[in-house]
Each structure stands twice: as C-alpha cells, then as structure tokens.
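Using our numbering, you'd call the opening residue of the sequence shown number 284 and step up by one each time. All C-beta atoms, glycine included, are put in the ideal place defined by N, C-alpha and C. Step one of this worksheet: look at the structure below.
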Amino acid sequence: MRTHRLSATGTLLTAFLVVRSALALEPGQSEPKRLFSTGDSMTRGFNANTPLDNPHLSWVNGYHGFWEDLFGLPDVESHNQRIDANFGDSHRSNQTAAENGAEMGDLTSQASGAAGKNVTYATVLLGSNDACRDSVADLPTDGQFRERFEGGLDTLLTNLAAGATVQVVAIPNIIEVYNQGRVKQALGLVDCPDVWARSGNCGSVLSPQATDADRAFVLSRIVAYNRILREVTENKAAQNQDKFITFTDASFTYRFTQSELSNLDCFHSSWEGQKALSRETWNSGPFKQHQELD
C-alpha cells in the first residue's frame, strides 16, 4: 500500500468520504481497511504490463503512488485504491498470499496467512488453474473442487473476526481468452496461438491439440465450479452471520477484449484487464454503494 500527503482540501474530502462510507456499511460490518487476498497469478498481476509479477497492477492489491505516477505507469484503480478513496488511507494494511500457479487446493494454506492480522476484507479468486490443466482428463471432479474450496473457506473464516467482509470471485471464462487471443498478436509481432504453443499455458484450452469439444467441456466445468463457489459461499454466509460473505460472477460474465489480454503471453490479463476486473468485481460486490473511481 502506498500513502501520500493530503492537502487541506484533500483532508476534508477524505473525511467526507469516510463519513459517507461509514453510513453505507451494514450494521456490524467493519471498515475494509485491512485487506488480504488469496489467489493465483491473476491476483499477482503476472505479465500485466512487464514480464513476471506486476503487484502495482493487481486488480485487488494494486497501488499507484508517487513513483508510479512519476514514471507514467498504468493505474488499475484496484480495490486497495478504492478503499483509500472511500475510507481514507490511515491504519491501512494491504497484503496478499496469492501464488503463481495456485489451484483451489492451495486455498487452505493461503488462508492460514490471515491469522493474527486483524483482516477486515478478504478476497478469493482461485480455480482458473483447476480448469487449465495439460488435458481435459486432469480437471477435478465436482466433489474434489467442492471439498477443497469449502475447506479453504472454512480456514479463512476461522482467521477473520466478526464484522469482516469476504468476496469470493468466480473463475473467469477462459474460453473467451481463446476466442480473443486466436486473432491477436503478442507485442504486435507473434500470433498468439504460436505463443501458446511455445508457452504451454492452459493446455486443456490453448494447446494446438485441444479441440472445440475439449474447450466446450472445459467451459462446462467452469460453469459447474462457479456454481459450487456460489452454493458454498451462500451456505457459509448463512452459517456465519457475524461476517459479510458474498459471491460475484462478474468476472465470468464480463467479456474481456483483446486489449485486456496480456501483450506478453496472450493468456493473463493486461493492465486493462486488471482494471476491468477491479471495476466489475467492486461494483458488483459488498461495497457497491460506496464511492466509485471513474
């Protein structure tokens, strides 16, 4: 998280936003100032603008401070930044346990990292790597996926105090990555299918050997996994009424464009895609009544 000095006008504006946002919180809901994310390479901003991790471009943990502004770096207007805009930047915490390549089975260990940190807002975006396997034969069953998600969510909830908010985010429609990328070039030089063939990313969808039937099967599994995410989230919300637990499928229903795919690997989100993911999940999430960034 990055902080900055406020002018007198900025201080008054922040105070106004804090009051306005406090009124919008549900009774008993804590301000989401202590942010903690779980996830995979999407949450780490992998290949979003420059090679490897781009933490300042993460849809949830991203930041845009003095140095990012000085060098003219992109701004994704992340959840972290939106929290600053709505609740002020004092007493903030911005942490992630996300790991590149993580699958739903890794949620339990990632969620354990929230212990003792007084987290008041946690996000979960996992499952893309469960659908992106070497072949369609390797995808988890419904039972396996449900067990892994439920166990991980239970661990996360155990490590959150009453009043905390959790947003579970649906697996994006990876088939749209294929649809958009097959007519895109990486860096304007190399056709994305050639990049996929060399990188080996998401073989079940992007491999030259993957068929339309394979992609249709993967889409059906993503739909089933997202249904499980919704059902388990709703069940946990009913069982833990001292916490504010929500699910959004905006990440699945939103149609990402070519410019929102990484120009480096044609698979991960570009910074434009990260910005869209932040906007769509925030506006459909537990704080949708609060101040929005343009």
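Classify A445: buried if its beta carbon has 16 or more other beta carbons within 10 angstroms, exposed otherwise. What you label residue 445 is simply residue 162 of the sequence shown in a count that begins at 1. With fewer than 16 Cβ atoms within 10 Å of its Cβ, A445 is classed as exposed.
Find the nearest neighbour of V452 within the set K316, S313, A307 and G322, judged by alpha-carbon distance. Taking the sequence shown and counting its residues from 1, the one referred to as residue 452 is at position 169. For V452, the nearest C-alpha among the options comes from G322.
Exposed or buried, W350, counting other C-beta atoms within 10 Å across all chains shown (16 or more means buried)? For the purposes of this step, residue 350 is taken as residue 67 along the sequence shown, with counting starting at 1. By the 10 Å Cβ count, W350 comes out exposed.
Are the segment 420-439 and the segment 498-512 in contact at 8 Å, needing three or more beta carbon pairs? yes
Straight-line gap, E459 to D389 (C-alpha atoms, nearest Å): As a first step, residue 459 must be located in the sequence shown, where it is residue number 176. As a first step, residue 389 must be located in the sequence shown, where it is residue number 106. Answer to the nearest angstrom: the Cα atoms are 25 Å apart.
Okay, do the segment 311-331 and the segment 339-348 touch, 3+ Cβ pairs below 8 Å being the bar? The segment 311-331 makes contact with the segment 339-348; the number of CB pairs closer than 8 Å reaches 3 or more.
Is Q557 helix, strand or coil when you go by DSSP? Locating residue 557 in the sequence shown gives position 274, counting from the first residue. Correct three-state label for Q557: helix.
Count the other CB atoms within 10 Å of the CB of R617; is the residue buried (16 or more) or exposed (fewer)? Outside the displayed span of the chain (284 to 577) sits residue 617, for which this structure offers no information.
Ordered list of alpha helix (DSSP H) runs contained in the segment 458-497, each at least 4 residues: 475-482 and 486-489
Length of the line joining the Cα atoms of K526 and V449: Residue 526 sits at position 243 when you count from the first residue of the sequence shown. Residue 449 sits at position 166 when you count from the first residue of the sequence shown. When rounded, the distance between both Cα atoms is 8 Å.
Could you tell me the distance, in whole angstroms, from the CA atom of G384 to the CA atom of L560? In the sequence shown, the residue the question calls residue 384 occupies position 101. In the sequence shown, the residue the question calls residue 560 occupies position 277. Looking at the two C-alpha atoms, the distance is approximately 19 Å.
Give a yes or no on contact between the segment 405-421 and the segment 480-493, applying the rule of three or more CB pairs nearer than 8 Å. Contact between the segment 405-421 and the segment 480-493 is present, because at least three Cβ pairs lie under 8 Å.
Could you check the C-alpha separation between R327 and L308 for me, to the nearest Å? Here the question's residue 327 lines up with position 44 in the sequence shown. Here the question's residue 308 lines up with position 25 in the sequence shown. Near 28 Å, if we compare the C-alpha coordinates of L308 and R327.
Let me check understanding here. Comparing Cα to Cα, which of V407, R510 and A368 lies closest to G426? Sequence index remark: in the sequence shown, residue 426 carries index 143 (1-based). Looking at the Cα atoms, R510 is the closest of the given residues.
I need the DSSP call for T403, collapsed to helix, strand or coil. Here residue 403 refers to the residue found at position 120 of the sequence shown. The answer is coil: DSSP assigns T403 none of H, G, I, E or B.
Could you work out which residue in E430, T379 and L443 is closest to S313 when comparing CA atoms only? Taking the first residue of the sequence shown as position 1, residue 313 is located at position 30. Distance from the Cα of S313 is smallest, within the candidate group E430, T379 and L443, for L443.
If we ignore side chains and look at the alpha-carbon of each, how far apart do T403 and E555 end up? For the purposes of this step, residue 403 is taken as the residue at position 120 of the sequence shown. For the purposes of this step, residue 555 is taken as the residue at position 272 of the sequence shown. Taking the straight line joining both Cα atoms gives about 27 Å.
Whole-number beta carbon distance between H551 and F354, since they are thought to touch under 8 Å: By 1-based counting over the sequence shown, the position of residue 354 is 71. By 1-based counting over the sequence shown, the position of residue 551 is 268. A Cβ-Cβ separation of about 22 Å leaves F354 out of contact with H551 under the 8 Å criterion.
From the DSSP output, in three-state form, read off S567 for me. Stepping through the sequence shown from its first residue, residue 567 is reached at position 284. Coil, per DSSP.
If the criterion is Cβ atoms closer than 7 Å, does the pair T438 and T391 meet it? As a working mapping, residue 438 is identified with position 155 in the sequence shown. As a working mapping, residue 391 is identified with position 108 in the sequence shown. For T438 and T391, yes; Cβs fall inside 7 Å.
Under DSSP, the beta strand (DSSP E) around S320 begins and ends at which residues? Here the question's residue 320 lines up with position 37 in the sequence shown. R317 to G322 is the extent of the beta strand (DSSP E) around S320.
Determine the DSSP secondary structure at F539, reduced to helix, strand or coil. For this step, residue 539 is matched to residue 256 along the sequence shown. In this structure, F539 counts as coil in the three-state DSSP scheme.
What does a CB cutoff of less than 6 Å around R562 pick up in its chain, not counting 5 residues either side in sequence? The count along the sequence shown starts at 1 and reaches residue 562 at position 279. Result list for R562: empty, nothing under 6 Å.
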